[in-house]
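Chains as they are written, first to last, in UniProt numbering: chain F, 1 to 420; chain P, 1 to 420; chain E, 1 to 420.
The C-beta atom is built at its ideal place from N, Cα and C for all residues, glycine as well.
What follows is a short report on a single structure.
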Amino acid sequence: MNLNKDGFVKSSLFLISSLVRGVAMSKSAGCCKRFLHYAFDYETPKTLVIPSLGVGFVFRFTQFLVVMYVVGYVCVVQKAYQDTDTVISTVTTKVKGFAFTNTSDTEPRFWDVADYIIPPQGDHSFFVLTNMVVTPKQVQSRCPELPSPSTICVDDCNCVEGHSDPRGNGIQTGLCENYSTTARTCEVLSWCPLEIDTKLPEHALLAAAENFTVLIKNSITYPKFNFHRRNILPHVNSSYLKRCEFSRLTDPHCPIFRLKHIVSEAGEDFQDMAVKGGILGILIDWSCDLDWWAGECLPKYSFRRLDNKHPVNNVAPGYNFRFAKYYKTADGEETRTLIKAYGIRFDVIVFGTAGRFSIVPTIVNLGAALSFLSLVPVVADWFLVTCSRKRDLYSRHKTTHLIEDADSASVSMGTTYGTQ
Amino acid sequence: MNLNKDGFVKSSLFLISSLVRGVAMSKSAGCCKRFLHYAFDYETPKTLVIPSLGVGFVFRFTQFLVVMYVVGYVCVVQKAYQDTDTVISTVTTKVKGFAFTNTSDTEPRFWDVADYIIPPQGDHSFFVLTNMVVTPKQVQSRCPELPSPSTICVDDCNCVEGHSDPRGNGIQTGLCENYSTTARTCEVLSWCPLEIDTKLPEHALLAAAENFTVLIKNSITYPKFNFHRRNILPHVNSSYLKRCEFSRLTDPHCPIFRLKHIVSEAGEDFQDMAVKGGILGILIDWSCDLDWWAGECLPKYSFRRLDNKHPVNNVAPGYNFRFAKYYKTADGEETRTLIKAYGIRFDVIVFGTAGRFSIVPTIVNLGAALSFLSLVPVVADWFLVTCSRKRDLYSRHKTTHLIEDADSASVSMGTTYGTQ
Amino acid sequence: MNLNKDGFVKSSLFLISSLVRGVAMSKSAGCCKRFLHYAFDYETPKTLVIPSLGVGFVFRFTQFLVVMYVVGYVCVVQKAYQDTDTVISTVTTKVKGFAFTNTSDTEPRFWDVADYIIPPQGDHSFFVLTNMVVTPKQVQSRCPELPSPSTICVDDCNCVEGHSDPRGNGIQTGLCENYSTTARTCEVLSWCPLEIDTKLPEHALLAAAENFTVLIKNSITYPKFNFHRRNILPHVNSSYLKRCEFSRLTDPHCPIFRLKHIVSEAGEDFQDMAVKGGILGILIDWSCDLDWWAGECLPKYSFRRLDNKHPVNNVAPGYNFRFAKYYKTADGEETRTLIKAYGIRFDVIVFGTAGRFSIVPTIVNLGAALSFLSLVPVVADWFLVTCSRKRDLYSRHKTTHLIEDADSASVSMGTTYGTQ
C-alpha cells in the first residue's frame, strides 16, 4: 500500500503546470508524459484470493470484533463522537422561615431571615446560623485572662507586659488579677469581657432551622453550544412553585428544598450537625447530551457533606466563625456584641459537561478505530501462514523469496515452479 | 503490509545478542543466520503499476480530498493540533458614583459607595442597590399580622398560640387584635412593626445608579502554559484610564464600564430593571491562540441578563434580599432597620480556553488523518475493478485466484498465462 | 491490504441468512456458494521477501523509532492513555491572631478576628485589614468640598446648585464656603465631614498582621472517578496540627500558614504590601495520577501576587474598599464611621486535573500510533527502490508494470522473464 503524503503537493503542481503550459504541452510531450506517469500511475498491491472458509472466517470475525468495539463502546458508551463544553452558571438562593428561641441562657428572641442568613445576598454559598456563643457588651478595656496553664499567675512577676500569647486573648499588661475567687490570671488588654466559647449549647439554639426552605434559582450556559437553561423548567407553573417542595420521588424538579431534607439526603442528622456546624454541598449536575431533544437536559440534584465529621485528626471540627455587631453608647464609646456563629454553610456547586456531535472528535475516533481495522489482515495473515491446514500451499503462493546470492536474479517462486 | 508490533522487541533482542555474542557468532553461524533472516528479512508487497489516467486521477483526487480535510478543517478551523488549558482568574471591582434621593416617602438622603454596594469588598460579584423597602425602628415585640385570608380573625378563638404560618411573619400569640379600624388579625411575636413590602416604589429610588461606573480589574493565568495577563493592557496608560469609558467601537479595551451601558448592551432597560432588580452577567472571554504573538490575546467583553425577565412561571421575579442594620437604644434595647434591598447583581464571569501547539494532539490527529489516507487505495481499488474500462485486464493482473481443489497447486494466474 | 468497512454488515447478513435458510442451503447451492466466496474469500497481498540486511535494518529501525515515541513520549511523558477530570473543591479558612495599635493619629485599640477579617465567614477568599483611613461621626449634612481645581470658588456664582462632579464628593448646594482660612470651596450635600484619604499612614497600621496564621481546610472531589480527599492528610494527627506551621522543607503538609510566610514565598514584602493592599493567590494544585496508589495524591501549595505591583499604567494600585459602620444617636439621627480599608485579599485558588487509565483515550492514542507504524513500510519501500545497492533487482521483482498499449495484455514482468 502506498501512503504518499506528497500526493497533494504533486497533484497540485501538476494541475498548475497543466494550466500554465496549455497547448505548449505537445512540444514538450516526452517530458510531460514522464510527469503524467509519475503523477498518475496507480500502484496497487497484487493480491492472492484464498478461498478458505477458515481463514475467511478468522478475517471477518476479527473485523466484526473491531467494528463491535467501535460501535458499542466508543460510540454508545463513551460518546467519543461528541465535542464537549463545561457549564457556566449563576445561582441565587433565598431562604424562608423564622424561629423563636427561649432558653435559660438567653432572653426570648424572634429570628427571621435578616438575622440568621450571613451574608444576606443569597449567593451560591449561604450560611444558616444554628447555634452560637454570644458575648454582649464588649468594650476595649482590661480584664483577667481565662484560666489556662499558661495564664495562671501568682503575682505580677509571672506576667510580662506586652507579651501576647497566640493562644491567649489579648496583650498582657503585666498585672496579675483575680479571675475568680479561686484563680488568679494575668490581666490582658482586649475586648472585655472575654468570650467563653466552651459554653456552647448542647442542643442547637435554632433547632427550628430544619424546617426552613430555600429556593435555588440556577441559570446555566454552555457557551460553545450557545445553550441556555434554568432549573425552573418551562412546564412548571407559578402555582406549583408556591406549594411544592423537592422530593426525589414526587417532585424531582421543584427548586424549593427543606433544609432538613437536604441534610438527611446527605446522610446526616440535622440536629446533630446544627450544634457544631458543617458544610453541606448541594450539587447540581447539568451533564447533558445535546444531540437529543434539548428538553431532556435536566438538572440532577445530589447532596453531600463536604467537611469531615468524625475523623481522627479533627482540628476545629464543624464550621464556625466570629463576627461582631458594633454599637456606640450615648457617650460615644464603641461597644460590640461578639457572636461566635455555628451553623451550616450550604455550597451550591454546579457542574456538568455537555456533549454534542462534532466532526473532529468523530474523525479522530473513527481514524483510531480504522487503524485497528488495519491490524485485522495482520491477524488473518498470521493465521494463514501458521495455523491453517494448507499453510505451506498458501505461504508458497503468497510469499516470494528473492534469492539475492544468485546474481542471475532468479526468484524462488520461479525456481519452485520449475521443480514441480 | 506488515504491521509487526513485535518488531521493537525483536530488534532489541537482536542488538543485545549481537553485543553479547560478538565474535562467537561464527561458531553458531547457522543459528545466527536463521535469526538474522527472521529479524531482518524485509517483506514487501508486490505491486502492479497501472498506467491509467482515470484510476490515477481517482486515487490522487481522493488523496487530495483527505489532505484538504486535514489541512483545512482539522488544522485551520478546529486547531486540533493544539493542547488546551482553562483559565484561572481573579477579579476586583470598584464602583464609583453617588446619588441623592428625595421622595415623598423617605427623608432626603445622600448615597455613596459605602451605602449602596453590598458586600463592600468588590469581589467578582457585586450588588448595586437601586430600590428598597425600609422598615425602621423594628423591635422584638408583638403586633397584629398583615391582613390575609389566613390571618384575619374575629376573636381569639381563630388564633392558635404558638402556631407559625410559613407564609406569615411570626409566631402567633393566640390573641386577635385590631390591625386597622376595619380589620382584625391574629397577633404575632416578631420584629415589629412588620414589613409591608407591597409598597415598593414604582420608580427606582436610586435611578441615578445608571450613571455609576465600575472599574473591573481582571488578572488571568493559564497554568499549563505559564501565561499571565491583565485586562488593563500594557499599552494603556494612566491618563487614558482616568478619563476612558468602555465602548465597543471607540474604547474596546477600557476596563471602566458605565452601568447603564452594561445593561443596555444586554438588551435591557436600566430603569426597568432597577425597580425589581435582576442579575447581569459581565462575561469576559479570554479564549486565545497562544501560537501567535501573545499580544493578540485580548479579553472580549459581553453582557447578558442571567435571570429570566418575564417568563410564565416567574416566582420571586427580579433580585432582592433582606438585611438589617442593628442599633442599640440608650437603655440597651436592640432595634434594627430592616431593608428589603432590590438591585442589580453584577456577576463577572471569566471564561476561556487557550490553545498552544503540542505534539500529542498533533500526532493523534495526524494519525487519525493518516488512517483516512489508508482508505484511499481501497476507494481506488474499488474503482479499478468495477468502474474502469479495462477492469477485466486490471483485475486479472492484480488478483490471483488460488484454486485449492487442484492439489497440484496450480494458480489461476499461471493457467491464465498458459491459455494466452 | 483490504480495509473493508462493510465487512461487519456483510458478515452479519451472512450469519442471519445462514440461520434462516438452514438446510435449505443445499437447494440453492450455486447461489450460496457464490455468496460464501464473496463473503469469506480472503484476499491477501502477495509479498516479496528481500533478504537484505540494509533494508531490513532501515525497516526495523524506523519501527523502533515509532515504538519508542509511543512508549516514551505519549505514554510516559504525556500519559495519553488516561481519562481526565477537573477538580471540584470546597475551602474553609480561619485566621488567628490579634494586634494592638497605638499611633499618634488614632486612640489605642485592640484588634481581633472579628475586627479585621471581612467578610467574617472564612470563605475561599478572605481579606485581612492592614491599613485604613477612618472618618468617624459622619452625618448627612452640608460641608465645603475638598480643595481641587474644580471645587475652589470665589463666590456662590462659581457653584451650581444640583451639580454633581463624578470626581467630587457630593451634590453642590450652590454656596461657596470657607474650607480653611486660605481656601474657599463649593459646599456639597454629603456625608460630612468628608473623607480625606490622602492621609494614608505610611506604615501599615496593623503591621502585626504578618504574624497572623490561617488554617485552610480544603476538600476536593473528582466526580468522574468518585475520588474525595482533604488537604489534612490521614496520617496527620491533632497534636501535630496544634503546633505546626507550613514550611516547604520541614512541614510541607501542614495546613496552617503564617501570613508573612505566604507573602514572602510570593516574592513580596509583607510590610510593603500592607500599606496599599494587594491580592495574593494561595494556589493549591491537586493534579494527580490516580493510577498509582491514591495516597500519593497530595496538594501542592504555591503563592503568587495576583495584582500588579508597579506597572506603568497602575490605576488604583493595591487593594482597598470602603465600608461603613452605622450607628444611631440617642435622638435617632443616623451617623456612620466610614472606613477606607486597605489590606491583603487572600484568594485560595484550587485547581488540578486527575488522570486515570481509561480504554478510550488509550485506544485513540494507540490507534494514532499504529497509523505511524503503517508509514514504516512506506519509508522502507522508498529506501528499497532508491537507495539500496541492488535497487534495480528489487524494483524489478517488486513492481510489475502493466503495459496497457499492448492489447495482448502482456505484462512487463512476463517480458522481463522472457528476455532473461
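- Please report the Cβ distance between Pro377 (chain P) and His37 (chain F), rounded to the nearest whole angstrom; I am assuming they are in contact, meaning their Cβ atoms lie under 8 Å. Not a contact, Cβ separation roughly 18 Å.
- Message: Please report the distance separating the alpha-carbon of Lys390 (chain E) from that of Gly54 (chain E).
- Response: Taking the straight line joining both Cα atoms gives about 11 Å.
- Task: Please compile the residues from chain E whose C-beta is within a distance smaller than 9 Å of the C-beta of Lys398 (chain F).
- Result: At a beta-carbon threshold of 9 Å, the residues of chain E lying near Lys398 (chain F) are Thr44, Pro45, Lys46, Thr47, ordered along the chain.
- Message: Mapping the DSSP letters down to three states, classify Leu175 (chain F) as helix, strand or coil.
- Response: DSSP places Leu175 (chain F) within a strand segment (E or B) once states are collapsed to three.
- Helix or strand or just coil, what does DSSP make of Val160 (chain E)? Val160 (chain E): coil per DSSP, three-state reduction.
- Between the beta-carbon of Pro361 (chain F) and the beta-carbon of Lys46 (chain P), is there less than 8 Å? No, Cβ-Cβ distance for Pro361 (chain F) and Lys46 (chain P) is not below 8 Å.
- Could you tell me whether the region 231-239 of chain E touches the region 190-206 of chain E, using the rule of 3 or more Cβ pairs below 8 Å? Flag = no, the region 231-239 of chain E and the region 190-206 of chain E do not touch.
- Message: For Ile220 (chain F) and Glu107 (chain F), I'd like the C-alpha separation in whole angstroms.
- Response: The straight-line gap from Cα to Cα measures roughly 45 Å.
- Item | residue 422 (chain P) versus Asn158 (chain F) - alpha carbon distance | The requested residue 422 (chain P) is not part of the displayed model; chain P covers only 1 to 420.
- What is the rounded straight-line gap between the Cα of Leu146 (chain P) and the Cα of Thr185 (chain P)? The alpha-carbon of Leu146 (chain P) is positioned some 7 Å away from that of Thr185 (chain P).
- Query: Between the region 66-93 of chain E and chain F, which residues of the former have a C-beta closer than 8 Å to a C-beta of the latter?
  - Reply: Listed by position, the residues of the region 66-93 of chain E near chain F (Cβ gap below 8 Å) are Thr86, Ile88, Thr90, Thr92.
- Mind pulling the beta strand (DSSP E) runs of 3 or more residues that sit fully within the region 112-152 of chain E? Counting only runs of 3 or more residues that sit fully inside the region 112-152 of chain E, the beta strand (DSSP E) segments are 125-144, in chain order.
- At least 3 beta-carbon pairs within less than 8 Å: the region 67-81 of chain F vs the region 323-336 of chain F: Segments in contact, no.
- Query: Is it the case that the Cβ atoms of Lys260 (chain F) and Glu210 (chain F) are separated by a distance below 8 Å?
  - Reply: Here Lys260 (chain F) is near Glu210 (chain F), since their CB atoms are less than 8 Å apart.
- Task: Determine the chain F residues that contact Leu402 (chain P) at a beta-carbon separation under 8 Å, and present them in chain order.
- Result: Residues of chain F passing the Cβ test: Leu48, Val49, Ile50, Pro51, Leu393, Tyr394, His397.
- Item | Proximal residues of chain P, C-beta to C-beta of Val55 (chain E) below 7 Å | In chain order: Tyr42.
- Query: Less than 8 Å separating the beta-carbons of Phe281 (chain E) and Arg248 (chain E)?
  - Reply: Position check: residue 281 (chain E) holds Gly in this sequence, whereas Phe was assumed. Contact: no.
- Answer with yes or no whether the minimum CB distance from Asp123 (chain E) to chain F is below 8 Å. Interface criterion met: the Cβ of Asp123 (chain E) is under 8 Å from a Cβ in chain F.
- Message: I'd like to know whether the C-beta of Ser164 (chain P) is nearer than 8 Å to at least one C-beta of chain F.
- Response: Yes, its Cβ sits closer than 8 Å to a Cβ of chain F.
- Identify, in the order they occur along the chain, each residue of the same chain with its Cβ nearer than 7 Å to the Cβ of Ala208 (chain F), setting aside the five sequence neighbours on each side. Result list for Ala208 (chain F): Ala99, in chain order.
- Taking buried to mean at least 16 other C-beta atoms within 10 Å of its own C-beta, is Ala24 (chain F) buried or exposed? In this prediction, Ala24 (chain F) has a pLDDT of 47, which is less than 50 and means its spatial position is unreliable; what the coordinates show is noted afterwards. Taking all protein chains in view, the Cβ of Ala24 (chain F) is surrounded by fewer than 16 other Cβ atoms within 10 Å, so the residue is classified as exposed.
- Which whole-angstrom value is the C-beta distance of Phe110 (chain E) and Gly170 (chain F), which I expect to be below 8 Å? That pair is a contact at about 6 Å.
- Task: Would you tell me roughly how many angstroms separate the C-alpha atoms of Trp286 (chain P) and Tyr222 (chain P), rounded to the nearest one?
- Result: So the alpha carbons of these two residues sit roughly 10 Å apart.
- Query: According to DSSP, is Arg391 (chain P) helix, strand or coil?
  - Reply: DSSP, read as helix, strand or coil, puts Arg391 (chain P) in helix.
- Task: Specify, as a first and last residue, the run of the beta strand (DSSP E) that His235 (chain E) falls within.
- Result: Run containing His235 (chain E): none; DSSP gives neither H nor E here.
- Message: What would DSSP say about Ile256 (chain P), mapped onto helix, strand or coil?
- Response: Reduced to three states, the DSSP call for Ile256 (chain P) is strand.
- Query: Nearest-angstrom Cα distance between Val133 (chain F) and Ala204 (chain F)?
  - Reply: A direct Cα-Cα distance of roughly 11 Å separates Val133 (chain F) from Ala204 (chain F).
- Query: Based on Cα-Cα distance, which residue from E:Val139, E:Val77, E:Thr386, E:Glu245 lies nearest to Ile359 (chain P)?
  - Reply: Of the listed residues, the one whose Cα sits closest to Ile359 (chain P) is E:Val77.
- Listed by chain order, chain P residues near Gly170 (chain E) by CB distance under 7 Å: Residues of chain P whose Cβ lies closer than 7 Å to the Cβ of Gly170 (chain E) are, in chain order, Phe98, Phe110.
- Query: If we ignore side chains and look at the alpha-carbon of each, how far apart do Thr400 (chain P) and Asp83 (chain F) end up?
  - Reply: Take the alpha-carbon of Thr400 (chain P) and the one of Asp83 (chain F): they are about 45 Å apart.
- Query: If you draw a straight line from the C-alpha of Arg34 (chain E) to the C-alpha of Tyr394 (chain P), how long is it?
  - Reply: Their Cα atoms are separated by approximately 22 Å.
- Item | Beta-carbon proximity of Gln63 (chain E) to Leu373 (chain E), cut-off 8 Å | Gln63 (chain E) places its beta carbon less than 8 Å from that of Leu373 (chain E).
- Task: Reducing DSSP to helix, strand and coil, say where Val188 (chain P) ends up.
- Result: Strand at Val188 (chain P).
- Query: Interface residues of chain E around Lys328 (chain F) at Cβ under 7 Å?
  - Reply: Listed along chain E are Tyr327, each with a C-beta nearer than 7 Å to that of Lys328 (chain F).
- Message: Can you tell me where the alpha helix (DSSP H) holding Leu205 (chain P) begins and where it ends?
- Response: In the DSSP assignment, Leu205 (chain P) falls outside any alpha helix (DSSP H), carrying neither H nor E.
- Integer Cβ distance of Asn343 (chain P) from Pro166 (chain E), believed to fall under 8 Å: Checking the displayed sequence, the identity of residue 343 (chain P) turns out to be Gly instead of Asn. Cβ atoms of Gly343 (chain P) and Pro166 (chain E) stay farther apart than 8 Å, at about 20 Å.
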